[in-house]
Amino acid sequence: MSRSLTADVLVIGGGATGVGVVRDLALRGIRAILVEKGDLTHGTTGRYHGLLHSGGRYVVKDPQSAQECAAENEILRRIMPHCIEDTGGLFVITPADDERYAETFVAACRACGVWVDDVPLAEVMRHEPRLNRKLRRAFAVRDAAADAFLATEANAADARARGATLLTYHHVTDLELEGDRVTGARCEDLRNGEAVTIHAAYTINAAGAWAGKIAGLAGLDIAVVPGKGTMVAMNHRIVNSVVNRCKPPADGDIIVPIQTVAVLGTTDIAVPDPDVFGIEPDEIALILAEGEHLVPGVSRMRALRAWAGVRPLYRDVAAVDDRDIPRTYKLLNHRTRDGVAGFVSIVGGKWTTYRLMAQEAVDLVAADLGIAIPCRTAVEPLPPVHGAPKSGHLTLGGRLRHVESEELYGDVICECELVTRRQLVDAITTGGAANLDDLRRDTRLGMGPCQGGFCTYRAAGLWHELRGADDAGGADAAAALTRHFIQERWKGLAAIAWGDQLRQQRLDELIALEVLGVDLLPAAVIADGARHPTVVTEHAAIATEYHAE
Amino acid sequence: MRDTIVIGAGLAGLMGALALAEAGRRPLVLATGHGATHWSSGTIDVWGQAASGGPRAAVAAVIAGDPDHPYARTGVAGLEAACARFRQVMQAAAYPFVGDLHSDLMIPTALGAFRRAALVPRTMSAGALQAGDRVLIAGFRQLRDFYPPLMAQNLRSQGIAAHGVYLELPPVNRNLDFTTRSLAQCFDDGAFRAHVGAQLARLRGDASHIGLPAVLGMRHPLDVIAELERHSGGQVFEIATLPPSVPGMRIASILERAIVAAGGRIQIGSAVLRGVADGDRLTTVISEAAAREQQHRAVRCLLASGGIAGGGVRTDQTGAVWETALGLPLAAPASRRAWFASRSLDPRGHAIFRTGVLSDDRLRPLDQRGVVVYRNVTIAGGALAGADTIRERSRSGVALATGWAAGSRLAAIEA
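Chains as they are written, first to last, in numbering that gives the first Met the number 0: chain A, 0 to 548; chain H, 0 to 414.
Written out as structure tokens, the structure is:
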């Protein structure tokens, strides 16, 4: 089986940057196809802590990044308020930090144009009663919490509405080369093994931490360093605003309140391969120990889950360690850099600057294609998406208001995250979800305290009714989906399962094994590497987060 | 004076309390909550693997192969005695169980998988379907915990002619959040049952059996089933679904009533904080009451506070593991690194879930050197070391056997 498709531009990578690129292309009327080896946001975008940077984190060591963040922060608040909760942010000096850093920090903020305000500690404690009572200084910044799932979905929806094609579970196996020109890519549709060739005048490599692997297919060497960052989600919002340690960037220096949880982050460890990494117990211990400086007692609170994402760090200068690699992005024109035409890589950067990265890449490509239409992504608002408010900023409690105003109590399929039957039905019938983990990215299914203990079976039941009822393999698929989702959730549980969360895990086992018998159905075990038409299980190309035995 | 203390009100604690009450010991059951029974499938599962000779032979083989398994503390005879008494009590409460220890019944789960159970409430036993049976699976869209089309299709793939439908919810005067429990209350209403029965009659077609989620009334499910069978002409059975479990609640409340009738007392909401001992005898149990501690003299004490699921065993991020009520020594993995297998559903299970109290052949707690910690304490159920009863599918069997045995043995201890 094989297919062939043609576009003006091929975009590789379905994270924030790639989807931002394809929307920018679509807004300029350029025919584009995006390919992503997993689901949209399957990679780093779906695994980040959700911080919309004010720029404060970078003012001292990386002023260019700080300025970019500060500018993009304001733009994103305008074009996607519904994907951003305006939590505000704080930089605080704890008893463990050097108080003299405060002056350095404030001066650097002023120099970079990053808004900062000295806040009286009494006021900080009123707003953040769980913070360390021995804080010495606190500064307000324009940090906020961004829902990267909603934002990517909004960009994707707008791109599709404007004619772009987004192909998920399409894994690039090779780049097409004609002489010194990249003319597209060959992909494998991981859902059915089909070979798909995409011809394009231009190819934009927006594969993030995987960009080095993609460039390597054209024989090019770009120094992308996958920098693993591990995070821990706590089961409630222990802070109301983003709280940063006011000191040079280091491991475990931030807490981001995002939707119903608070995320403690992060570590930064270079990994050789962005597809193969684990979460080490030491990392969790360090994150919790550092968190104690900000919120005393945090390490005894209930952690929901730990996970890691890989930053797409680009090393074009000698850096002593990963934290010294600039967080700014770089557009690599492979024609001028390597003599390979029709191919650019957009590398480095961070979620907050995804739009700017997309703009710069598309500016170059449009100019090469002789298209003079300017970028409009800084002014064109993103469309509404499911799960986000129709107007104004995202707020905690918005979902509850929706459930209460519509009296949807009996229709709440995932109680932890208030995911309704309607939301799931829409995601199952209209989206490109291939499994329940994709539904999670679409709706937040299974992301709360029970980690799917109850909603997995319910979602599988709905999935079967909507997608599989007439298909001979439908129910089998639903059982496989159940087992797949249980394992996907498990990946992030082992690292933090103790106390109440371990107890929860045992209840979830009781439900899965004693009550449902998910392991007792015929063909219960899907062989490693085997394919299922609707369930992409553990293909090597998209199976991340391996744990050491 | 109530000087017999039972800690925990799950299946093990209640069976133990019943044994104590029937021996005239007037037990006081102290528990934080209702235990795992309310989460369970409501059947008595003795062993998950097939064995020629049935569950009785399977347990005999387990005991022969693993002298530290909880079943080794009761023997096959202890399991048989517990099952016999359990069946009598359930029968007397008009909630009879069928099956025995010579063969398992294979009954379907809400996912359509067949699982083995030794004792099954009569409300579920018609679900032991055979290839060639024709069955209608019916549920309510308003109940988010049961999906008839999914279950029916999985039954079809195993050779059973099954069809899944949603029934129209009869008119009810209540809010819109339907749980298993609130639906069970709906079935106590005659008009509701008649409405459902009429729909089943219309939808049954040539089906000989009709499966419904396990919500067919809280107190008189056999009457509900009889009425639905009269209306529909099919054999009606219940299917266990997500917690809260109506069949589990029925078992708990029947046992609770039997205990009270035999002179016992049950105090839910009383977490045991610690025990006080005099040498190798526990003398006092201290529980949490409103803003104070309550002391209970303990001539004898049964610990049935559960394992990690039940809350009897707690853990923390340092890898520490402790028994919450009496602070008894535990057999546990050496460090957190040894807690888990890499696959969630690994058939070997996760080592941490085997954590529990070691016991001697009379179910008395042992320390690491094999010395009895308290001579007047016995241990039952999930609090016992040596088994991952969820993986083994022996959870309710072990709770029943060890609860009954631990209670019976404890009753013999004199002040």
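Every residue gets a Cβ at the ideal spot worked out from N, C-alpha and C, and that includes glycine.
- Selection A/LEU461, A/ILE495, A/ASN204 and A/SER240 evaluated against A/GLN450 yields A/ILE495 as nearest (Cα-Cα).
- Judged by DSSP secondary structure, H/HIS162 falls within the beta strand (DSSP E) whose first and last residues are 160-166.
- Around the C-beta of H/HIS101, fewer than 16 other C-beta atoms lie within 10 Å, and the residue is accordingly described as exposed.
- Counting only Cβ-Cβ distances below 7 angstroms, A/ALA493 has contacts in chain H at PHE339, in chain order.
- In this structure, the alpha-carbon of H/ARG121 lies about 5 angstroms from that of H/PHE96.
- If you draw a straight line from the Cα of A/ARG502 to the Cα of A/ILE74, it comes to about 44 angstroms.
- The stretch 99-114 of chain A makes no contact with the stretch 145-154 of chain A, as fewer than three CB pairs between them are under 8 angstroms.
- Counting C-beta atoms within 10 angstroms of its own C-beta, H/ALA303 has 16 or more neighbours from the protein chains shown and is therefore classed as buried.
- Uninterrupted beta strand (DSSP E) stretches at least 3 residues long and entirely within the stretch 179-210 of chain H do not occur.
- A/VAL361 is the residue among A/VAL361, A/ALA377 and A/GLY28 whose C-alpha sits nearest the C-alpha of A/THR202.
- Distance from the CA atom of A/LEU480 to the CA atom of H/ARG115, rounded to whole angstroms, is 23 angstroms.
- Interface criterion not met: the Cβ of A/GLU98 is under 8 angstroms from no Cβ in chain H.
- Burial of A/ALA302 is indicated by the presence of at least 16 other C-beta atoms within 10 angstroms of its C-beta.
- For A/HIS169, the enclosing beta strand (DSSP E) covers residues 169-177.
- A/TYR456 belongs to the set of residues whose beta carbon lies under 8 angstroms from a beta carbon in chain H.
- According to the DSSP secondary-structure assignment, A/LEU33 is paired through a beta bridge with A/VAL10 and A/LEU165.
- With a threshold of 8 angstroms between beta carbons, H/GLY380 makes no contact with chain A.
- DSSP links A/THR229 through a beta bridge to A/ALA307.
- Of all residues in the stretch 123-136 of chain H, none comes within less than 9 angstroms of chain A when Cβ atoms are compared.
- Of the candidates H/HIS162, H/ARG133 and H/GLY131, the residue whose Cα lies closest to the Cα of H/TYR146 is H/HIS162.
- Cα atoms of A/PRO383 and H/GLY247: separation of roughly 45 angstroms, rounded to the nearest angstrom.
- By the criterion of a C-beta distance shorter than 7 angstroms, H/VAL245 is surrounded in its chain by THR179, ARG180, ALA183, ALA213, VAL214 and MET217, once the five residues flanking it on both sides are discounted.
- Per DSSP, the beta-bridge partners of H/LEU118 are H/ILE43.
- When DSSP states are grouped into helix, strand and coil, A/LYS490 belongs to the helix group.
- Across the stretch 6-31 of chain H, no CB contact with chain A closer than 9 angstroms is found for any residue.
- Residue burial annotation: H/ASN172 is exposed, with fewer than 16 other C-beta atoms found within 10 angstroms of its C-beta.
- Contacts with chain H (Cβ-Cβ distance below 7 angstroms) from the stretch 476-501 of chain A involve ALA477, ALA478, ARG482, ILE485, GLN486, TRP489, ALA493, TRP497, GLY498 and LEU501, listed in chain order.
- Contact between A/ASP441 and A/ALA432 holds: their C-beta atoms lie close to 6 angstroms from each other, under 8 angstroms.
- Secondary-structure assignment with DSSP links A/ARG244 through a beta bridge to A/VAL91.
- Three or more beta-carbon pairs separated by less than 8 angstroms link the stretch 153-164 of chain A to the stretch 13-30 of chain A, which places the two stretches in contact.
- A/SER64 is positioned such that its CB atom lies closer than 8 angstroms to that of A/PRO325.
- Of all residues in the stretch 296-314 of chain H, only GLY306, ILE307, ALA308, GLY310, ARG313 and THR314 come within less than 8 angstroms of chain A when Cβ atoms are compared, listed by chain position.
- In the structure shown, A/GLY348 falls within a coil segment according to DSSP collapsed to helix, strand and coil.
- Closest in C-alpha terms to H/SER40, from the list H/ALA63, H/ALA16, H/MET123 and H/ARG86, comes H/MET123.
- Nearest C-alpha to H/ARG336 among H/ASP345, H/ALA350, H/SER343 and H/ARG84: H/ALA350.
- The C-alpha of A/TYR47 is placed about 29 angstroms away from the C-alpha of A/ARG132.
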